[in-house]
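Report on one structure; see the data block that follows.
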Amino acid sequence: MIPLKSTEEQRTAYTQAVVDKWNAATPDQRRRGRDWYVKAHELAAEIAAGDADKGAGVLAALSANKSWSENCRLARKAFDEGMASGHVSDALTKANRIMAGADPREVLPMHMKTGYFYVCIADPEDTEAVVIDRHAHDIAVREIYGQRDRGLGSVRRYNLLADCYRKAAEKIGEVPSKVQAVTWVAHIERK
6 MIPLKSTEEQ RTAYTQAVVD KWNAATPDQR RRGRDWYVKA HELAAEIAAG DADKGAGVLA
66 ALSANKSWSE NCRLARKAFD EGMASGHVSD ALTKANRIMA GADPREVLPM HMKTGYFYVC
126 IADPEDTEAV VIDRHAHDIA VREIYGQRDR GLGSVRRYNL LADCYRKAAE KIGEVPSKVQ
186 AVTWVAHIER K
């Protein structure tokens, strides 16, 4: 687990690891990563009858510990049936509140992954939001943690890594969410 009080040298190393993963991505991986949140935004609007904000909120609420395909299936089903199902109680409650008209920003934990996932889907061009998941962590530390705890429940650790992705995005000249998505694609497709 990375230290909460990382040195400037460690932060620089995490940032460089993100830049290196970006540079290692193929042109196709870069294209698909850059389009990832744009396509997610389009899906959010589609499943929520044109209300991309509501669709993004439900997708984010139902995202924890689910593959993207399962996340999409659950969100689509929730809108089709008028009620979320197939997840833990907390996620279902949040999704149902959002579908009933609650503002996702008042329902989701906006200081952590789920909240940032919502923002990235709702506004793919947001210049601050970045999703730090297990893959983003492993990219930054240049190590596959497998089932080991990454400590991403800590707001300080999450923000430390998010700042490294923002610095990498600044170096690359891209918005942080696109850097995260491109590096995620390159990471999960590694040989």
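Sequential numbering of the sequence shown, starting at 6, is according to my numbering. Just so you know, even glycine gets a beta-carbon here, dropped at the ideal spot from N, CA and C. Since the model is a prediction, treat every value here as computed from it, not as a measurement.
* Asked: Helix, strand or coil for P114 per DSSP?
  -> What you label residue 114 is simply residue 109 of the sequence shown in a count that begins at 1. Note: P114 maps to coil in three-state DSSP.
* Asked: Tell me which same chain residues have a C-beta within less than 6 Å of the C-beta of A89, skipping the five on either side of it?
  -> Along the sequence shown, one-based indexing puts residue 89 at 84. If we look at A89 and ignore the five residues flanking it on each side, its Cβ neighbours are A83, L97, A100 and N101.
* By DSSP, does V6 sit in helix, in strand, or in coil? -> Within the sequence shown, numbered from 1, the residue matching residue 6 stands at position 1. The sequence as given places Met at residue 6; Val does not occur at that position. M6: coil per DSSP, three-state reduction.
* Taking Cβ positions, are V190 and D131 nearer each other than 8 Å? -> The count along the sequence shown starts at 1 and reaches residue 190 at position 185. The count along the sequence shown starts at 1 and reaches residue 131 at position 126. Taking 8 Å as the Cβ cut-off, V190 and D131 do not qualify as a contacting pair.
* Asked: T188: buried (16+ other C-beta within 10 angstroms of its C-beta) or exposed?
  -> Taking the first residue of the sequence shown as position 1, residue 188 is located at position 183. Under this definition T188 is a buried residue.
* Going by alpha carbons, who is nearest to E111 out of E75, G62 and V146? -> Stepping through the sequence shown from its first residue, residue 111 is reached at position 106. Closest by alpha carbon: G62.
* Check whether the Cβ atoms of S74 and T119 sit closer than 8 Å, and answer yes or no. => Locating residue 74 in the sequence shown gives position 69, counting from the first residue. Locating residue 119 in the sequence shown gives position 114, counting from the first residue. No.
* Asked: Shortest alpha-carbon distance to D143 belongs to which of Y163, P32, D58 and E133?
  -> To locate residue 143, count along the sequence shown from 1; it is residue 138. The candidate whose alpha carbon is nearest that of D143 is Y163.
* With T202 as the anchor, note down where its alpha helix (DSSP H) starts and where it stops. => Outside the modelled stretch of the chain, which goes from 6 to 196, sits residue 202, for which no answer is possible.
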